[in-house]
Structures are given as C-alpha cells and as structure tokens.
Amino acid sequence: MRADRLMSALLLLQARGQMTGRELAARLEVSERTVHRDMEALSAAGVPVFAMRGSHGGWQLDEGWRTQAPGLDQTELRSQLMAQPRTPGDKRLAAAADRAIGKVMAALPEPLREKASSIRDRLFIDTTGWRGTTENLSMLAIVQDAVAQDRKLSFWYWRAGRERVERTVDPLGLVAKGSTWYLFAGTDHGYRTYRISRMEDAKLLDALSVRPPNFDLEAAWKISAEEFRDEVNREMEAARRAYEARLEAERRAVQEMEIARQVQARLFPQQLPESLSLDYAGICIQARKVGGDYYDFLDLGSQRLGLVIGDIAGKGIAGALLMANLQANLRGQLAMVVDQPQRLLHSVNQLFFKNTAEHAYATLIFAEYDDKAQMLRYANCGHLPALLLRCSGEMERLHSTCTVVGLFDDWECKSSEACLLPGDTLALYTDGVTEACNDQGEEFGEERLADALRRYRNHSASGLLQSVVNEVQSFSPQEQQDDITLIVARCRETDQRMLFDRPV
C-alpha cells in the first residue's frame, strides 16, 4: 500500500510541481505527518523532492527531474486518449491502464495537461454490448501469466460443438476483440486461437514455450482472422445454399401436395346414380397433408347402386396414386363382373396386389344396394364398421367380413346382407371422422358419431351429412390432420310401382 501511495504522491508532484502537505494529505487520504515521512522516503530513494518554507511553500519536485512529453501536439494527444478503451473483462489490466494514463498525464506540460483532462472528461468508451457480456474470464489471469512468462499452458477446452478436449500449447499472445479474449498459441498442428471463456482447469507448466523467431502477433492474428472469415463465409454460403435447397424442396412438396389434392378431388364422384328408395350423399374434406381416403358411387345396373369407401395406406402423392389405382381397378373391372360383386373384389385385389409396392394395401367397404328389394349386400375388407341406424333407434355395426385389399395374393372375400326399411340410416366413414381430436387429445369416436346420426336422422341425406361434419369440426377446431370422409344413406318410402316400371 505504501509503495502505491509513494507513486501517487510522486505523480501528483510530477503533474503540479509543488503542493502543500495539507493538499497532499487530502489527495492521498492520510495525515500530514504521514506525508512528511513519505517525502523523506522519496528523498532517501534519490528523488529530488524538498520542502519550501513560507506562506507559499510546500513540497516541490525539482523542475529538471520532471519528465515531459516533447513534441506531442493536441491532435496526437486526442488520438492517444481516444485509443485507450478500458481493457475488456479484466479489472487488473484496466486498473493498470488507468495508472499508465495517469503517468502520461503527469508527464504533460501544463497547457496540454489541461487539454487532456478536458478530453477525458468528455470521453467514455464502453466496450460491453447492450446485453452486457456473458464471457467467463476466470482463466484469463493464468493465461496472461503464461504469455508473460513464456511458459507452456495446459487446459480443457469446449469446442463450438460442445465437445470437451484437452490441449497443451505454446502461448504466443493475447488478443482482445470487442469484449472477447482469445489466446493465440502455437501447437503441433500450427497456430491456433482459443476463446478464453471456453477454457477450464488451465495450468501453468514448468516447461518454457517455444516462440518462433521474429514472431509478429498482429500479423499472425490478421492472417488467422482472415482465414476464419473465409471459413465463415464458406459455411454461410453452404448454409445459404442448403436453405435455398430446403425452400425449393418445400416448394416442390407443396406443389406435389396440390397435385395430389387435385388428383384425389377428381377421383370423387361428380354425378350420383339415380336411386328411388335411397337418399344418399358423400363428402371428403381433404387435410393439408393429403391422405388416401376414397369414396365412390357406382351404377351397377339392374337398379343396383354401389357404395364404396376406402382408406389407402399412404399419404401425399403416393396415397393419391394408390387411390387412383384402386379406383381404376374398380371401375375397369366393373363392366366384366357387374353381376358378381364378389368376383369384382377378387379381381381388384389381384390387380392391386400385383401392381403396387409390397406393403401397399387398402381398407375398403363395397356395398351393393338393390333398389327393388331394398337389400344391402356388403363386404367389409378390414375397414371400420359401418353404422346402420334402424328406424326403431337400434344401432347395428356392419363389421369386417374379410381382410384388407392388396396385401395378399390368396384372398377370400365374404359378404353379408342387411335389409333396409324406410327410415333406416346407413353411415360409412374413415378414421378421419372418429379419430379427430379435441384440445385435450380426446377422440370424436364412434359413440359421438352414432349420437349425431340419431340427432339428425330426420334430415335429408345431404343435411345429415353436413350436420355430422359440423359436429366433427366443432369438436376438433385445430388444423385437420387426416381426411374426413363420410357417406350417409337414408332409406325412404317409395311407390313400388315406380321401381318396377323403371327400365333395367
């Protein structure tokens, strides 16, 4: 502490030439007696300081011993002071820098000293960002010692990818860039830079570091920084190209989805075959990610109507193409086996099995409705059970009669029958209806579907269809995740003479 005080006293006398004991005591925050002892100590050390008596007396430093800064003009002085920001993150070095500036100030002639003081009062350089600095500089002091003493340094280092590695290096210099400190060091693989904040457990080794002859830290850092900038630019360019490629892939995916959606929409029936005893309607509300739902209405001749609903195992372009394949198979085979629906499904299964990928398949309900007999003959190929709401209020489930279409070559199709009475309501649907979820993750489910059918059973088929869809969408207001596909059919009273008078 006394050495610091002696230096401060000397700097004060250096700056002002002469000060009273009281002034020195006030500036140094000690007693005048202590000031007297300090002056004696300086004199004993060879510093030409002596006491002046009288009313204008005090302690004075010999004018010839005071150092000056010859040739320094105001522009040079301003440039030096403005080039002295506080050393980022290191209080020890910052204090040393302040002392150095104090010494420079003390060495200035009185006119320049006043100008320098004015500049310092009007200048503050803040090296921290608006968010401050999160740099961990706990290893900075030992790294400074390693650089100053030319000794090897070992430490653990966190790479940018969060990999922790051990390093032993020859410290060559410290670089402060902004508020970030770097160690510039020599290694077996050439020059390397290490960010101080990523260092841990640094140890000063006894071995001396190897410093290349004529090593220029500034030049080496500039070369390293330029190489780093080039690397960053290359990485940024690669990232830009990857981003553009991703955007292009997303654009193509959106385009493909739109194509798939258009393909799917064109496959749905545009006209409804006539039926006197059955009021029916169908809908498919496509999800953003196109699913593989399919429904169709087929004129089977002889006053028979085909109701078809299916779900393809696949989405997007693949699902849409599989759906197109299934529809083409159904409609293509229809003319050859129009009077034998089971043979029709056998033929469709064979074509689907042979012409699609190994794991491609579809669940399907094919229902043949006879307008005259008001009889429904159906095959449920691994699909969800159809719901048949009787006019009495009883609910029947038309379960699976055979396995899925297209997965097996050796495939057996069984069918079942149900007689429809006026007031009966039939619903065929896909899992997009029953698996629609609310915000709590609860599914709409079969029971809610059955309740909706009961509520709106007296509506027309199209009105019933829309009412059920509205309930599903109200239950699941978030973005639709799967196609919502539904067919409803209501058996109605009809004049039997009209049925038999119709041309076959």
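In UniProt numbering, the protein residues as written are 1 to 504.
For glycine and all other residues, C-beta sits at the position ideal for the given N, C-alpha and C.
Inset, instruction - Kindly indicate which residue of W221, S154, G190, D188 has the alpha-carbon position closest to the one of Y182. - result: Numbered from its first residue, the sequence shown carries residue 182 at position 182. Checked all of W221, S154, G190, D188; the closest Cα to Y182 is W221.
Legend entry - Simplified DSSP state of T425, which is helix, strand or coil: Here residue 425 corresponds to residue number 425 of the sequence shown, with the count starting at 1. T425: strand per DSSP, three-state reduction.
Legend entry - Opposing strand residues paired with C381 [DSSP bridges]: Here residue 381 refers to the residue found at position 381 when the sequence shown is read from its first residue. DSSP lists L364, C402 as partners of C381.
Legend entry - Cross-strand partners of T168 (DSSP beta bridge): In the sequence shown, counting from the first residue as 1, residue 168 sits at position 168. Answer is S154.
Inset, instruction - Determine the DSSP secondary structure at E396, reduced to helix, strand or coil. - result: Sequence index remark: in the sequence shown, residue 396 carries index 396 (1-based). Note: E396 maps to strand in three-state DSSP.
Legend entry - Burial state of D206 (16 or more Cβ within 10 Å): For this step, residue 206 is matched to residue 206 along the sequence shown. D206 is exposed by the Cβ-count criterion.
Inset, instruction - Go through its chain and collect everything with a Cβ distance to V210's Cβ below 8 Å, but skip five positions before and after it. - result: As a working mapping, residue 210 is identified with position 210 in the sequence shown. Excluding residues within five positions, the ones whose Cβ falls inside 8 Å are D170, G186.
Legend entry - DSSP beta-bridge partners of E417: Within the sequence shown, numbered from 1, the residue matching residue 417 stands at position 417. Paired residues: R377.
Inset, instruction - Verify whether the separation of the beta carbon atoms of C381 and T401 is less than 9 Å. - result: Taking the first residue of the sequence shown as 1, we reach residue 381 at position 381. Taking the first residue of the sequence shown as 1, we reach residue 401 at position 401. In contact: C381 and T401 (Cβ atoms closer than 9 Å).
Inset, instruction - For M39, count neighbouring Cβ atoms within 10 angstroms of its own Cβ and tell me buried if that reaches 16, exposed if not. - result: Sequence index remark: in the sequence shown, residue 39 carries index 39 (1-based). Per the 10 Å Cβ criterion, buried.
Legend entry - Sub-9 Å separation of T434 and E417 beta-carbons: As a working note, residue 434 is residue 434 in the sequence shown. As a working note, residue 417 is residue 417 in the sequence shown. Not closer than 9 Å, so no.
Inset, instruction - Would you check if there are 3 or more beta carbon pairs closer than 8 Å linking the stretch 268 to 280 to the stretch 342 to 353? - result: no
Legend entry - Simplified DSSP state of T430, which is helix, strand or coil: Numbered from 1 along the sequence shown, position 430 holds the residue referred to as residue 430. T430 falls in the coil class under three-state DSSP.
Inset, instruction - Identify whether K372 lies in helix, strand or coil by the three-state DSSP scheme. - result: Within the sequence shown, the letter at position 372 stands for residue 372. In the structure shown, K372 sits in coil (DSSP, three-state: anything other than H, G, I, E or B).
Inset, instruction - Would you decide whether G282 is buried or exposed? Buried here means 16 or more other CB atoms lie within 10 Å of its CB. - result: For the purposes of this step, residue 282 is taken as residue 282 along the sequence shown, with counting starting at 1. With 16 or more Cβ atoms within 10 Å of its Cβ, G282 is classed as buried.
Inset, instruction - Please say whether Q264 and M323 have beta carbons closer to each other than 9 Å? - result: For the purposes of this step, residue 323 is taken as residue 323 along the sequence shown, with counting starting at 1. For the purposes of this step, residue 264 is taken as residue 264 along the sequence shown, with counting starting at 1. Yes, the Cβ-Cβ distance between M323 and Q264 is below 9 Å.
Inset, instruction - Under 6 Å Cβ to Cβ from S462, same chain only, skipping five residues before and after it: list those, please. - result: Working through the sequence shown from its first residue, we reach residue 462 at position 462. Only A281 meet the Cβ criterion.
Legend entry - For I487 and V469, the rounded distance between their alpha carbons: Position 469 of the sequence shown holds residue 469. Position 487 of the sequence shown holds residue 487. If I take the Cα positions, the gap works out to 11 Å.
Inset, instruction - Give me the Cα-Cα distance between L465 and R241, rounded to the nearest whole angstrom. - result: Taking the first residue of the sequence shown as position 1, residue 465 is located at position 465. Taking the first residue of the sequence shown as position 1, residue 241 is located at position 241. C-alpha separation (whole angstroms): 49 Å.
Inset, instruction - Report the residue from A427, E244, H459, D439 whose alpha carbon sits nearest the alpha carbon of A450. - result: The count along the sequence shown starts at 1 and reaches residue 450 at position 450. Ranking A427, E244, H459, D439 by Cα distance to A450 puts A427 first.
Inset, instruction - Would you check if the distance between the CB atom of L153 and the CB atom of A116 is smaller than 9 Å? - result: Residue mapping note: residue 153 aligns to position 153 of the sequence shown, counting from 1. Residue mapping note: residue 116 aligns to position 116 of the sequence shown, counting from 1. Cβ atoms of L153 and A116: not closer than 9 Å.
Inset, instruction - Rank Q440, E493, A436 by C-alpha distance to the C-alpha of E471 and give the top, closest one. - result: Sequence index remark: in the sequence shown, residue 471 carries index 471 (1-based). Comparing Cα-Cα distances from E471 to each of Q440, E493, A436, the minimum goes to A436.
Legend entry - C-beta contact flag for S476 and F444 at 9 Å: Residue 476 sits at position 476 when you count from the first residue of the sequence shown. Residue 444 sits at position 444 when you count from the first residue of the sequence shown. Yes; because the gap between Cβ atoms is below 9 Å, this pair is in contact.
Legend entry - Uninterrupted beta strand (DSSP E) stretches inside the stretch 237 to 301 (no shorter than 3 residues): 278 to 285, 293 to 301
Legend entry - Straight-line Cα distance separating N325 from Q255: In the sequence shown, counting from the first residue as 1, residue 255 sits at position 255. In the sequence shown, counting from the first residue as 1, residue 325 sits at position 325. Spanning the two alpha carbons is a distance of roughly 21 Å.
Inset, instruction - Pick out whichever of Q327, A239, D216 has its Cα sitting closest to the Cα of L267. - result: Numbered from 1 along the sequence shown, position 267 holds the residue referred to as residue 267. Looking at the Cα atoms, Q327 is the closest of the given residues.
Inset, instruction - State yes or no: is the C-beta of P212 within less than 9 Å of the C-beta of L172? - result: Counting from one through the sequence shown, the residue named residue 212 turns up at place 212. Counting from one through the sequence shown, the residue named residue 172 turns up at place 172. Their beta carbons are under 9 Å apart, which means P212 touches L172 by this criterion.
Legend entry - Cα-Cα separation between V175 and A146, rounded to whole angstroms: Here residue 175 is taken as the residue at index 175 of the sequence shown, counted from 1. Here residue 146 is taken as the residue at index 146 of the sequence shown, counted from 1. Roughly 14 Å between the two C-alpha positions.
Legend entry - the stretch 387 to 395 touching the stretch 403 to 417, judged by at least three CB pairs closer than 8 Å: no
Legend entry - Closest by C-alpha distance to L384, when choosing among P422, I312, R198, M139: As a position in the sequence shown, residue 384 is number 384, starting the count at 1. Comparing Cα-Cα distances from L384 to each of P422, I312, R198, M139, the minimum goes to I312.
Legend entry - Beta-carbon gap between T430 and D483 smaller than 9 Å: For the purposes of this step, residue 430 is taken as residue 430 along the sequence shown, with counting starting at 1. For the purposes of this step, residue 483 is taken as residue 483 along the sequence shown, with counting starting at 1. Cβ atoms of T430 and D483: closer than 9 Å.
Inset, instruction - From the DSSP output, in three-state form, read off F353 for me. - result: Along the sequence shown, read from residue 1 onward, the residue named residue 353 stands at position 353. The answer is helix: DSSP assigns F353 an H, G or I state.
Legend entry - alpha helix (DSSP H) segment containing Q60, residue limits: Start at 1 with the first residue of the sequence shown, and residue 60 comes out as number 60. First-last for Q60: 58 to 61, but that is the beta strand (DSSP E), not the alpha helix (DSSP H).
Inset, instruction - Using three-state DSSP, classify D494 as helix, strand or coil. - result: Here residue 494 refers to the residue found at position 494 of the sequence shown. According to the sequence provided, residue 494 is Thr. The question's Asp does not apply to it. Coil, per DSSP.
Legend entry - Contact set for V232: own chain, Cβ-Cβ below 6 Å, skip 5 residues either direction: Reading the sequence shown from its first residue, position 232 is the one you call residue 232. Here the set comprises nothing.
Legend entry - Any chain C beta carbon closer than 9 Å to W158: Protein chains in the displayed structure number just one, and chain C is not present.
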